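To keep things clear, I will list the structure first and then write my remarks on it.
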Amino acid sequence: MTNRTFTMIKPDGVENGHIGAILEKITASGFRIVAMKLTQMTKADAETFYAVHNERPFFGELVEFMTRGPIVAAVLEKENAVADFRTLIGATNPADAAEGTIRALYATSMGENAVHGSDSDENAAIESAFHFAGREMF
Ligand code: CMP
Numbered sequence: 001m002t003n004r005t006f007t008m009i010k011p012d013g014v015e016n017g018h019i020g021a022i023l024e025k026i027t028a029s030g031f032r033i034v035a036m037k038l039t040q041m042t043k044a045d046a047e048t049f050y051a052v053h054n055e056r057p058f059f060g061e062l063v064e065f066m067t068r069g070p071i072v073a074a075v076l077e078k079e080n081a082v083a084d085f086r087t088l089i090g091a092t093n094p095a096d097a098a099e100g101t102i103r104a105l106y107a108t109s110m111g112e113n114a115v116h117g118s119d120s121d122e123n124a125a126i127e128s129a130f131h132f133a134g135r136e137m138f
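Going by UniProt numbering, the sequence shown opens with residue 1, and the numbers climb by one from there.
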């Protein structure tokens, strides 16, 4: 079934000049971009977006990292989008990410791992709505 996922090219991916290469890989893998923007999260945004991790020891570091510069936020559509996108990006830790995945190619560490991908259809909808108004999704 065609569905949607939410992604961010994280501050490290933007800083390192990988926006174009990552978007090329995403579209070449059959995802259609239905919403996209360059934006920067505030501390409050990041604390809300990552609230599920707020008890984790790396939470402060994660908020600091995700707010330090612009990100590319996007909504992607494809058959089986959530699962296929997680396959395309690879494991959270780039050291464990399969060859050819976006994190294997562009991530530098567990914390600075280049891209985000939603982990469920429900979270994809919540995360998309966090960043985009209905009229910005096509
Ligand atoms: P992501 O899965 O997109 O969303 C949660 C993020 O928390 C994850 O990517 C990593 O960037 C970060 N993260 C997860 N585990 C750790 C860790 N052990 N140390 C630092 N950051 C982490």
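Beta carbons: idealized from backbone N, C-alpha and C, even for Gly.
Bear in mind the structure is a predicted one, so any value in this text is a computation, not a measurement.
Spatial neighbours of residue i in its chain, beta-carbon cut-off 7 Å, leaving aside the 5 residues before and after
| i | result |
| --- | --- |
| aspartate 84 | Lys78 |
| alanine 51 | none |
| valine 72 | Met8, Ile9, Val14, Ile19, Met36 and Leu38 |
N- and C-terminal bounds of the beta strand (DSSP E) containing residue i
| i | result |
| --- | --- |
| asparagine 93 | Where asparagine 93 is concerned, there is no enclosing beta strand (DSSP E), given that its DSSP letter is neither H nor E. |
| arginine 32 | 32 to 39 |
| threonine 2 | 2 to 9 |
| alanine 74 | 71 to 79 |
Proximity winner among the options, relative to residue i (alpha-carbon distances)
| i | options | result |
| --- | --- | --- |
| histidine 53 | Met8, Gly111, Thr87 and Val75 | Gly111 |
| glycine 17 | Phe130, Phe132, Ser120 and Ala114 | Ala114 |
| leucine 62 | Gly134, Ile89 and Ser109 | Ser109 |
| glycine 69 | Ala46, Pro94 and Tyr50 | Ala46 |
| lysine 10 | Ser29, Leu38, Ile33 and Arg32 | Leu38 |
| residue 140 | Met137, Arg135, Ile126 and His131 | The structure shown has nothing for residue 140, since the chain only spans 1 to 138. |
| glycine 13 | Pro94, Ala124, Ala125 and Ala107 | Ala107 |
| isoleucine 22 | Glu122, Met137, Ala125 and Gly100 | Gly100 |
Contact set for residue i: own chain, Cβ-Cβ below 8 Å, skip 5 residues either direction
| i | result |
| --- | --- |
| threonine 2 | Glu77, Lys78, Glu79 and Ala81 |
For residue i, the first and last residue of its enclosing alpha helix (DSSP H)
| i | result |
| --- | --- |
| methionine 66 | 59 to 66 |
| alanine 51 | Element bounds for alanine 51: n/a, residue is neither H nor E. |
| alanine 21 | 19 to 28 |
Cβ-heavy atom distance, residue i to ligand 1, below 8 Å
| i | result |
| --- | --- |
| lysine 37 | no |
| phenylalanine 58 | yes |
| glycine 30 | no |
| threonine 108 | no |
| glutamate 127 | no |
| valine 115 | yes |
| threonine 92 | yes |
| histidine 18 | no |
| glycine 111 | yes |
Beta-carbon proximity list for residue i, same chain, < 6 Å, skipping 5 on both sides
| i | result |
| --- | --- |
| glycine 30 | Lys78 |
In chain order, each beta strand (DSSP E) run of at least 3 residues that lies wholly inside the segment 94 to 122: 115 to 117
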